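>
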Amino acid sequence: MSSPWAKPIVTQHVADHVVDRLVTAVALGVYVPQQQLPTERELATMLGVSRTSVRDALGQLTATGYLEVRRGRNGGYFVLADWGPASAERVRRHLVPNWAEFEKLFDARTLLEPLIARTAAERCSDEDRTAMAVALQAYLDAPDHDASRQADSRLHRSIAEATHNPILVDLSVDLRTRVSLNLGAEPYTDEVRRTAMLQHRELVDAVSEGRGDEAADIARQHFALSEQLIRGLVSRAQLDTEHHDGHQAEGR
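Residues 1 to 252 in UniProt numbering are what the sequence shown lists, from first letter to last.
This is how it looks when you write it as C-alpha coordinates:
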(Lines of atoms letter the chains of each structure in order from A and count residues from 1; the text may use other names and numbers.)
(Lines give C-alpha, C1' and ligand atoms only; values in the text may rest on other atoms or scores of the structure.)
Protein backbone atom coordinates (compact mmCIF):
# COMPACT_ATOMS: atom_id res chain seq x y z
CA MET A 1 0.00 0.00 0.00
CA SER A 2 1.61 3.23 -1.15
CA SER A 3 1.05 6.58 0.53
CA PRO A 4 2.46 10.08 0.09
CA TRP A 5 3.75 10.47 3.65
CA ALA A 6 5.55 7.12 3.62
CA LYS A 7 7.58 7.96 0.51
CA PRO A 8 10.81 9.97 0.41
CA ILE A 9 10.15 13.70 -0.04
CA VAL A 10 11.28 14.64 -3.54
CA THR A 11 9.90 18.13 -4.21
CA GLN A 12 12.11 21.13 -4.88
CA HIS A 13 11.29 22.71 -1.50
CA VAL A 14 12.39 19.72 0.53
CA ALA A 15 13.28 21.57 3.73
CA ASP A 16 9.83 23.22 3.85
CA HIS A 17 8.17 19.82 3.57
CA VAL A 18 10.34 18.49 6.37
CA VAL A 19 9.28 21.47 8.49
CA ASP A 20 5.61 20.74 7.75
CA ARG A 21 6.00 17.10 8.73
CA LEU A 22 7.91 17.85 11.95
CA VAL A 23 5.45 20.57 13.00
CA THR A 24 2.63 18.09 12.42
CA ALA A 25 4.44 15.38 14.38
CA VAL A 26 5.01 17.73 17.32
CA ALA A 27 1.37 18.85 17.24
CA LEU A 28 0.32 15.19 17.41
CA GLY A 29 2.61 14.47 20.34
CA VAL A 30 4.92 12.19 18.36
CA TYR A 31 7.54 14.45 19.97
CA VAL A 32 6.66 16.44 23.10
CA PRO A 33 8.08 19.61 24.73
CA GLN A 34 11.50 19.07 26.31
CA GLN A 35 12.03 15.88 24.31
CA GLN A 36 15.17 15.57 22.20
CA LEU A 37 14.67 14.91 18.50
CA PRO A 38 16.57 12.17 16.70
CA THR A 39 19.87 13.23 15.15
CA GLU A 40 20.09 14.83 11.73
CA ARG A 41 21.31 11.53 10.30
CA GLU A 42 18.44 9.58 11.88
CA LEU A 43 15.80 12.06 10.69
CA ALA A 44 17.26 12.03 7.19
CA THR A 45 16.98 8.24 7.12
CA MET A 46 13.44 8.25 8.54
CA LEU A 47 12.20 10.82 6.02
CA GLY A 48 14.24 9.77 3.01
CA VAL A 49 15.90 13.17 2.50
CA SER A 50 19.41 14.58 2.70
CA ARG A 51 21.01 15.72 5.94
CA THR A 52 21.32 19.18 4.39
CA SER A 53 17.53 19.40 4.00
CA VAL A 54 17.03 18.21 7.58
CA ARG A 55 19.58 20.73 8.85
CA ASP A 56 17.82 23.55 6.98
CA ALA A 57 14.45 22.46 8.40
CA LEU A 58 15.78 22.27 11.96
CA GLY A 59 17.27 25.73 11.52
CA GLN A 60 13.87 27.10 10.48
CA LEU A 61 12.17 25.44 13.44
CA THR A 62 14.77 26.82 15.83
CA ALA A 63 14.46 30.34 14.43
CA THR A 64 10.66 30.25 14.82
CA GLY A 65 10.68 29.00 18.41
CA TYR A 66 9.62 25.38 17.99
CA LEU A 67 13.03 23.98 18.90
CA GLU A 68 16.13 24.97 20.82
CA VAL A 69 19.70 23.78 20.44
CA ARG A 70 21.45 22.49 23.54
CA ARG A 71 25.20 22.04 23.50
CA GLY A 72 27.34 19.46 25.23
CA ARG A 73 27.66 15.70 25.37
CA ASN A 74 23.91 15.12 25.44
CA GLY A 75 23.10 18.11 23.27
CA GLY A 76 20.94 18.32 20.20
CA TYR A 77 17.60 19.75 19.14
CA PHE A 78 14.88 19.82 21.80
CA VAL A 79 11.17 20.60 21.38
CA LEU A 80 10.07 23.87 22.98
CA ALA A 81 6.48 24.30 21.79
CA ASP A 82 3.81 21.94 20.50
CA TRP A 83 1.85 24.69 18.72
CA GLY A 84 2.86 28.03 17.26
CA PRO A 85 1.52 30.79 15.01
CA ALA A 86 2.38 28.85 11.85
CA SER A 87 1.25 25.44 13.07
CA ALA A 88 -2.27 25.48 11.63
CA GLU A 89 -1.10 26.29 8.12
CA ARG A 90 1.76 23.79 8.20
CA VAL A 91 -0.42 20.99 9.62
CA ARG A 92 -3.15 21.69 7.09
CA ARG A 93 -0.61 21.77 4.27
CA HIS A 94 0.82 18.40 5.29
CA LEU A 95 -2.33 16.47 6.17
CA VAL A 96 -5.14 17.77 3.98
CA PRO A 97 -3.65 16.91 0.54
CA ASN A 98 -3.00 13.37 1.80
CA TRP A 99 -6.32 12.92 3.59
CA ALA A 100 -7.74 10.27 1.24
CA GLU A 101 -4.67 8.13 1.98
CA PHE A 102 -5.13 8.62 5.72
CA GLU A 103 -8.71 7.38 5.42
CA LYS A 104 -7.42 4.22 3.73
CA LEU A 105 -4.84 3.83 6.49
CA PHE A 106 -7.45 4.16 9.23
CA ASP A 107 -9.66 1.63 7.45
CA ALA A 108 -6.80 -0.85 7.04
CA ARG A 109 -5.83 -0.57 10.69
CA THR A 110 -9.41 -1.00 11.86
CA LEU A 111 -9.59 -4.22 9.84
CA LEU A 112 -6.15 -5.61 10.63
CA GLU A 113 -5.36 -4.89 14.28
CA PRO A 114 -8.48 -6.60 15.72
CA LEU A 115 -7.68 -9.61 13.52
CA ILE A 116 -4.13 -9.69 14.91
CA ALA A 117 -5.38 -9.50 18.50
CA ARG A 118 -7.94 -12.27 17.94
CA THR A 119 -5.41 -14.49 16.19
CA ALA A 120 -2.83 -13.90 18.92
CA ALA A 121 -5.41 -14.96 21.51
CA GLU A 122 -6.00 -18.18 19.60
CA ARG A 123 -2.34 -19.05 19.04
CA CYS A 124 -0.22 -17.57 21.83
CA SER A 125 2.20 -19.84 23.65
CA ASP A 126 3.58 -19.63 27.18
CA GLU A 127 6.65 -17.88 25.76
CA ASP A 128 4.38 -15.34 24.06
CA ARG A 129 2.52 -14.72 27.33
CA THR A 130 5.80 -14.09 29.10
CA ALA A 131 6.99 -11.71 26.36
CA MET A 132 3.74 -9.76 26.47
CA ALA A 133 3.83 -9.53 30.27
CA VAL A 134 7.40 -8.23 30.22
CA ALA A 135 6.59 -5.69 27.50
CA LEU A 136 3.48 -4.54 29.37
CA GLN A 137 5.41 -3.98 32.59
CA ALA A 138 8.05 -2.00 30.72
CA TYR A 139 5.30 0.23 29.34
CA LEU A 140 3.69 0.73 32.74
CA ASP A 141 7.08 1.55 34.30
CA ALA A 142 8.27 3.87 31.52
CA PRO A 143 9.63 7.04 33.18
CA ASP A 144 9.33 9.40 30.22
CA HIS A 145 7.98 9.80 26.73
CA ASP A 146 10.99 8.26 25.01
CA ALA A 147 10.82 5.14 27.16
CA SER A 148 7.05 5.00 26.76
CA ARG A 149 7.15 5.11 22.95
CA GLN A 150 9.78 2.37 22.79
CA ALA A 151 7.86 0.18 25.25
CA ASP A 152 4.61 0.76 23.37
CA SER A 153 6.23 -0.40 20.14
CA ARG A 154 7.67 -3.52 21.80
CA LEU A 155 4.34 -4.37 23.42
CA HIS A 156 2.36 -4.25 20.19
CA ARG A 157 5.06 -6.18 18.37
CA SER A 158 4.93 -8.88 21.06
CA ILE A 159 1.19 -9.23 20.52
CA ALA A 160 1.61 -9.40 16.73
CA GLU A 161 4.38 -11.98 17.13
CA ALA A 162 1.98 -14.13 19.16
CA THR A 163 0.10 -14.76 15.89
CA HIS A 164 3.15 -16.74 14.69
CA ASN A 165 2.67 -15.14 11.28
CA PRO A 166 5.54 -12.84 10.27
CA ILE A 167 3.48 -11.29 7.49
CA LEU A 168 0.97 -10.01 10.04
CA VAL A 169 3.85 -8.69 12.16
CA ASP A 170 5.26 -6.79 9.19
CA LEU A 171 1.86 -5.35 8.27
CA SER A 172 1.28 -4.15 11.83
CA VAL A 173 4.70 -2.49 11.97
CA ASP A 174 4.14 -0.87 8.57
CA LEU A 175 0.79 0.60 9.61
CA ARG A 176 2.35 1.96 12.80
CA THR A 177 5.13 3.57 10.77
CA ARG A 178 2.61 5.29 8.51
CA VAL A 179 0.53 6.63 11.41
CA SER A 180 3.70 8.05 12.98
CA LEU A 181 4.50 9.99 9.76
CA ASN A 182 7.60 7.77 9.48
CA LEU A 183 8.93 9.23 12.74
CA GLY A 184 8.67 6.20 14.97
CA ALA A 185 5.91 6.79 17.51
CA GLU A 186 2.14 6.91 17.78
CA PRO A 187 0.41 10.28 18.34
CA TYR A 188 0.46 11.02 22.06
CA THR A 189 -1.13 13.08 24.83
CA ASP A 190 -1.16 12.56 28.59
CA GLU A 191 -4.83 11.60 28.36
CA VAL A 192 -4.11 9.05 25.64
CA ARG A 193 -1.35 7.52 27.76
CA ARG A 194 -3.70 7.15 30.74
CA THR A 195 -6.28 5.46 28.51
CA ALA A 196 -3.62 3.30 26.84
CA MET A 197 -2.29 2.06 30.18
CA LEU A 198 -5.70 0.61 30.99
CA GLN A 199 -6.30 -0.73 27.49
CA HIS A 200 -2.86 -2.33 27.33
CA ARG A 201 -3.55 -4.26 30.53
CA GLU A 202 -6.95 -5.38 29.25
CA LEU A 203 -5.56 -6.32 25.84
CA VAL A 204 -2.68 -8.41 27.21
CA ASP A 205 -5.04 -10.14 29.65
CA ALA A 206 -7.56 -10.95 26.91
CA VAL A 207 -4.90 -12.27 24.51
CA SER A 208 -3.13 -14.28 27.22
CA GLU A 209 -6.38 -15.87 28.38
CA GLY A 210 -7.55 -16.76 24.88
CA ARG A 211 -10.52 -14.40 24.81
CA GLY A 212 -10.31 -13.63 21.11
CA ASP A 213 -13.49 -11.59 20.58
CA GLU A 214 -12.76 -9.42 23.59
CA ALA A 215 -9.16 -8.91 22.48
CA ALA A 216 -10.37 -7.80 19.06
CA ASP A 217 -12.81 -5.29 20.57
CA ILE A 218 -10.14 -3.82 22.85
CA ALA A 219 -7.68 -3.55 19.95
CA ARG A 220 -10.28 -1.77 17.83
CA GLN A 221 -10.88 0.81 20.57
CA HIS A 222 -7.19 1.19 21.32
CA PHE A 223 -6.01 1.86 17.79
CA ALA A 224 -8.86 4.33 17.29
CA LEU A 225 -7.05 6.66 19.73
CA SER A 226 -4.45 7.67 17.14
CA GLU A 227 -7.11 8.11 14.47
CA GLN A 228 -9.10 10.40 16.77
CA LEU A 229 -6.02 12.54 17.50
CA ILE A 230 -5.20 12.93 13.81
CA ARG A 231 -8.81 13.80 12.92
CA GLY A 232 -8.93 16.28 15.80
CA LEU A 233 -5.70 17.93 14.68
CA VAL A 234 -7.00 18.43 11.14
CA SER A 235 -10.16 20.05 12.52
CA ARG A 236 -8.09 22.32 14.77
CA ALA A 237 -5.84 23.34 11.90
CA GLN A 238 -8.79 24.09 9.65
CA LEU A 239 -10.53 26.18 12.34
CA ASP A 240 -7.36 28.10 13.23
CA THR A 241 -6.67 28.81 9.56
CA GLU A 242 -10.24 30.05 9.01
CA HIS A 243 -10.02 32.19 12.17
CA HIS A 244 -6.72 33.71 11.00
CA ASP A 245 -8.07 34.37 7.50
CA GLY A 246 -11.15 36.00 9.02
CA HIS A 247 -9.04 38.37 11.08
CA GLN A 248 -6.97 39.26 8.03
CA ALA A 249 -10.13 40.04 6.05
CA GLU A 250 -11.43 42.28 8.84
CA GLY A 251 -8.17 44.20 8.86
CA ARG A 252 -8.33 45.13 5.21
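For glycine and all other residues, C-beta sits at the position ideal for the given N, C-alpha and C. Note that the structure is predicted; figures quoted are calculated from it, not measured.
Can you confirm whether the region 109-123 touches the region 183-198 when touching is taken to mean that 3 or more C-beta pairs between the two stretches lie within less than 8 angstroms?
No, the region 183-198 is not in contact with the region 109-123.
> State the DSSP-derived secondary structure class of GLU227, mapped to helix, strand or coil.
Residue state, collapsed to three classes: helix.
> In whole angstroms, give me the CA-to-CA distance for GLU40 and ASP56.
In a straight line, the C-alpha of GLU40 is about 10 angstroms away from that of ASP56.
> Are the region 170-189 and the region 26-41 in contact at 8 angstroms, needing three or more beta carbon pairs?
In short, these stretches touch, since the Cβ pair count reaches three.
> Going by C-alpha to C-alpha distance, which of ARG149, ALA81, VAL23 sits closest to VAL54?
Taking only the C-alpha atoms, the option nearest VAL54 is VAL23.
> Suppose you measure from the CA of PRO143 to the CA of LEU80; what does that come to, to the nearest Å?
Whole-angstrom Cα-Cα distance: 20 angstroms.
> Report yes if the C-beta distance between ALA206 and ALA121 is below 8 angstroms; otherwise report no.
In this structure, ALA121 lies closer than 8 angstroms to ALA206 by Cβ.
> So GLU209 is in the beta strand (DSSP E); what residue range does that whole segment cover?
Note, GLU209: premise wrong, no beta strand (DSSP E); not H, not E.
> For ILE218 versus ALA100, is the C-beta spacing smaller than 8 angstroms?
In this structure, ALA100 does not lie closer than 8 angstroms to ILE218 by Cβ.
> Note down, in chain order, each residue of its chain lying with its Cβ closer than 8 angstroms to the Cβ of PRO33, except the 5 sequence neighbours on either side.
Excluding positions up to five away in sequence, the list reads VAL79, LEU80, ALA81, ASP82.
> Under 8 angstroms by Cβ, that's how I've got SER226 and ARG193 pegged, so tell me the actual separation to the nearest angstrom.
Going by Cβ atoms, the distance from SER226 to ARG193 rounds to 12 angstroms, so no, they are not a contact pair.
> From what residue to what residue does the alpha helix (DSSP H) around LEU67 run?
Looking at the DSSP string, LEU67 is not in any alpha helix (DSSP H); the run it does join, the beta strand (DSSP E), is 67-70.
> What three-state label does DSSP hand GLN36 in the structure shown?
Note: GLN36 maps to strand in three-state DSSP.
> Tell me whether the beta-carbon of ARG21 lies closer than 8 angstroms to the beta-carbon of LEU47.
Their beta carbons are under 8 angstroms apart, which means ARG21 touches LEU47 by this criterion.
> What's the C-alpha gap between LEU136 and VAL204?
Computed Cα separation, rounded: 8 angstroms.
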